[in-house]
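Undergrad:
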Amino acid sequence: MPENPVENEDSIHKKKEFQELAFVHMDSLYNTALRMTRNELDAEDLVQDVYVRAYRFFHKFRRDTNFKAWIFKILTNTYINQYRKKQNQPRQVDLEKVKHTYIEKNIDNENHVIEGFREKNYDSLFDDDIREALEQLPEEFRLVVLLADVEAFSYKEIAKVVGCPLGTVMSRLSRGRKQLQNHLKEYAVRGGFINKEAK
Amino acid sequence: MNKNREQFAAMITGYIDGELSAKDTKKVEKLLAESKEFYDYYLTEKRTKELLKRRVSILRAPLHLRNRIRRQIARTGYRPGFLELLQGLFDYRPVATSLAFSIIAILIVLPNYRMIQNRMIQNGSNSFVSHSMESLPPVRNGQLAGEIICLDCDVFNPLLHPSEHHDPLVHRPGLRADDGSIWTILVRKGDNNLKYSRDLLRKHATLTGMIFENSRYIQVNKYEIL
Chain F
1 MPENPVENED
11 SIHKKKEFQE
21 LAFVHMDSLY
31 NTALRMTRNE
41 LDAEDLVQDV
51 YVRAYRFFHK
61 FRRDTNFKAW
71 IFKILTNTYI
81 NQYRKKQNQP
91 RQVDLEKVKH
101 TYIEKNIDNE
111 NHVIEGFREK
121 NYDSLFDDDI
131 REALEQLPEE
141 FRLVVLLADV
151 EAFSYKEIAK
161 VVGCPLGTVM
171 SRLSRGRKQL
181 QNHLKEYAVR
191 GGFINKEAK
Chain H
200 MNKNREQFAA
210 MITGYIDGEL
220 SAKDTKKVEK
230 LLAESKEFYD
240 YYLTEKRTKE
250 LLKRRVSILR
260 APLHLRNRIR
270 RQIARTGYRP
280 GFLELLQGLF
290 DYRPVATSLA
300 FSIIAILIVL
310 PNYRMIQNRM
320 IQNGSNSFVS
330 HSMESLPPVR
340 NGQLAGEIIC
350 LDCDVFNPLL
360 HPSEHHDPLV
370 HRPGLRADDG
380 SIWTILVRKG
390 DNNLKYSRDL
400 LRKHATLTGM
410 IFENSRYIQV
420 NKYEIL
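Quick note, the sequences are listed as chains F and H, same order.
Numbering-wise, our numbering puts 125 at position 125 of the first sequence, and it's gapless, one number per residue.
Count along the second sequence from 1, then add 199; that gives the number in our numbering.
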């Protein structure tokens, strides 16, 4: 079948347009993929898959919407469909049904945890500790915290990316940050940055 | 009580991120002013957010990954959507594409129209045309124009030739309206001409009277043979 010069030109134009829109977000996508997969090789493969899918379905992208949210949605879906299964994750618990974990109860009740966290000594924590604390969060909380606090998405955008209602985003973010506080406190105590007060 | 605390905690999260409505913002501000516990909670969470923002570094995607993706995209053919394909066809060959689509539309729609209409006539139902009448009231004064028929001869037993058929005194008068719909004629007592006269069969007429849309009856007050 003879090549159609018009089609080739169109294809080149689409490639260029896609690269201009998409490549700007590669660092953010890679970071999020890394924190979701917790493995550099998997993160690279995931990001590559995301870009190939995004390019294939570029015709479905509406130009009046947020491209970053659109491609992050592809990231989330690709991760859930391919990589989560690959990593043989245990069956996810519906965290909304878990009213209160023991950790959260302790944060609510123990004032010294809250007091301790307000000290500036948390700045002395290594980046690795913060990264590890983040990785200890349950997946649903971790993703929402990353999208809100690292990638600066709005709640509406996060709801679209993650595929849950706005209220759920707020709830997961609140609980994710609370759990993160507790993990960071453990690291800070271990590192000797703060003292754990006796009850 | 715990559920309320969870709700307030979530609202404080929304307040920190500037995502609350004006009404909820005022509610939270009031809560923070009144409760030291919640105010401490707010400060703690705010610091957590700032810590993450400041300390979770954005790593650059490795160069080999960038290059790999560029090569992959260069190899991947762009797949236009169906509408884009159509648009491309119209841009490339507008006349030929329009003609082709028109022919396809005629070929698909026309035989199906006939089939549907025939089926409606066989079943004695006029639902095929009924939705064009949906906007009309169910009972109204009006006029219908069409061919006067015998419902038995022409609809239910079309194989019987009317001239050889049963006693004309037992014709069931009907109207095949100009739009194809079939109507039953109700005649007023004493007005038997429309009902029993064989001369009126197959004649085009305008019937005036009370029209019952849903059941496809017309109670004729007067008629005019065209």
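Glycine included, each C-beta is placed from N, C-alpha and C at the ideal position.
Does the beta-carbon distance from F:Gly176 to F:Leu137 come in below 7 Å?
TA: Within the first sequence, numbered from 1, the residue matching residue 176 of chain F stands at position 176. Within the first sequence, numbered from 1, the residue matching residue 137 of chain F stands at position 137. For F:Gly176 and F:Leu137, yes; Cβs fall inside 7 Å.
Undergrad: Using the Cα positions of H:Lys245 and H:Val227, report the straight-line distance between them to the nearest angstrom.
TA: Position 46 of the second sequence, counting from 1, holds the residue named residue 245 of chain H. Position 28 of the second sequence, counting from 1, holds the residue named residue 227 of chain H. If I take the Cα positions, the gap works out to 14 Å.
Undergrad: Just verifying my parser: in three-state terms, what is the DSSP assignment at H:Phe411?
TA: Here the question's residue 411 of chain H lines up with position 212 in the second sequence. Note: H:Phe411 maps to strand in three-state DSSP.
Undergrad: Grouping DSSP H, G and I as helix and E and B as strand, with all else coil, what is F:Lys60?
TA: Counted from its first residue, the first sequence places residue 60 of chain F at position 60. Residue state, collapsed to three classes: helix.
Undergrad: Verify whether the separation of the beta carbon atoms of F:Leu146 and F:Arg53 is less than 7 Å.
TA: Along the first sequence, one-based indexing puts residue 146 of chain F at 146. Along the first sequence, one-based indexing puts residue 53 of chain F at 53. Their beta carbons are not under 7 Å apart, which means F:Leu146 does not touch F:Arg53 by this criterion.
Undergrad: Between F:Met26 and chain H, is any beta-carbon pair separated by less than 7 Å?
TA: Here residue 26 of chain F refers to the residue found at position 26 of the first sequence. Judged by the 7 Å Cβ criterion, F:Met26 is in contact with chain H.
Undergrad: Which residue's Cα is closest to the Cα of H:Thr247: F:Ser174, F:Lys15 and F:Arg190?
TA: Working through the second sequence from its first residue, we reach residue 247 of chain H at position 48. The option with the nearest alpha carbon to H:Thr247 is F:Ser174.
Undergrad: Looking at the structure shown, is F:Ala135 part of a helix, part of a strand, or coil, going by DSSP?
TA: Indexing the first sequence from 1 puts residue 135 of chain F at position 135. A quick correction: the sequence has Glu, not Ala, at residue 135 of chain F. Here F:Glu135 sits in helix by DSSP.
Undergrad: Between which two residues does the alpha helix (DSSP H) holding F:Ile74 run?
TA: Here residue 74 of chain F refers to the residue found at position 74 of the first sequence. Note, F:Ile74: alpha helix (DSSP H), Phe67 to Thr78.
Undergrad: When the Cα of H:Ala344 is compared with those of H:Arg401, H:Asn311, H:Trp382 and H:Thr405, which residue comes out closest?
TA: Locating residue 344 of chain H in the second sequence gives position 145, counting from the first residue. It is H:Thr405 whose Cα lies nearest to the Cα of H:Ala344.
Undergrad: With respect to 6 Å, is the separation between the Cβ of H:Asp239 and the closest non-hydrogen atom of the ligand GTP below this value?
TA: You won't find the ligand GTP in this model; it holds no ligand whatsoever.
Undergrad: Just the C-alpha distance for F:Asp127 and F:Lys15, rounded to the nearest angstrom, thanks.
TA: Here residue 127 of chain F is taken as the residue at index 127 of the first sequence, counted from 1. Here residue 15 of chain F is taken as the residue at index 15 of the first sequence, counted from 1. For F:Asp127 and F:Lys15, the distance between alpha carbons rounds to 37 Å.
Undergrad: Is the region 44–61 of chain F close to the region 288–308 of chain H, with three or more CB pairs under 8 Å?
TA: No: the two stretches stay apart, fewer than three of their Cβ pairs being nearer than 8 Å.
Undergrad: Inspect the beta-carbon positions of F:Tyr155 and H:Glu218 and report whether they are closer than 7 Å.
TA: Here residue 155 of chain F corresponds to residue number 155 of the first sequence, with the count starting at 1. Here residue 218 of chain H corresponds to residue number 19 of the second sequence, with the count starting at 1. Against a cut-off of 7 Å, the Cβ pair of H:Glu218 and F:Tyr155 comes out as a contact.
Undergrad: Measuring alpha carbon to alpha carbon, tell me which of F:Pro165, F:His59 and F:Leu75 ends up nearest F:Ala33.
TA: Position 33 of the first sequence, counted from the first residue, corresponds to residue 33 of chain F. It is F:Leu75 whose Cα lies nearest to the Cα of F:Ala33.
Undergrad: Cβ of H:Leu350 less than 7 Å from any chain F Cβ?
TA: Within the second sequence, residue 350 of chain H is the residue found at index 151, counting from 1. Not an interface residue.
Undergrad: What are the partner residues of H:Arg375, as DSSP defines its beta bridges?
TA: Residue 375 of chain H sits at position 176 when you count from the first residue of the second sequence. BP columns for H:Arg375 point to H:Glu346 and H:Ile381.
Undergrad: Using the rule of at least 16 other Cβ atoms within 10 Å of the residue's Cβ for burial, across every protein chain shown, is F:Val150 buried or exposed?
TA: By one-based count along the first sequence, residue 150 of chain F stands at place 150. Burial call: buried.
Undergrad: Note down, in chain order, all residues in the region 56–89 of chain F with a beta-carbon under 7 Å from any beta-carbon belonging to chain H.
TA: If the cut-off is 7 Å between Cβ atoms, the region 56–89 of chain F has Arg56, His59 and Lys60 near chain H.
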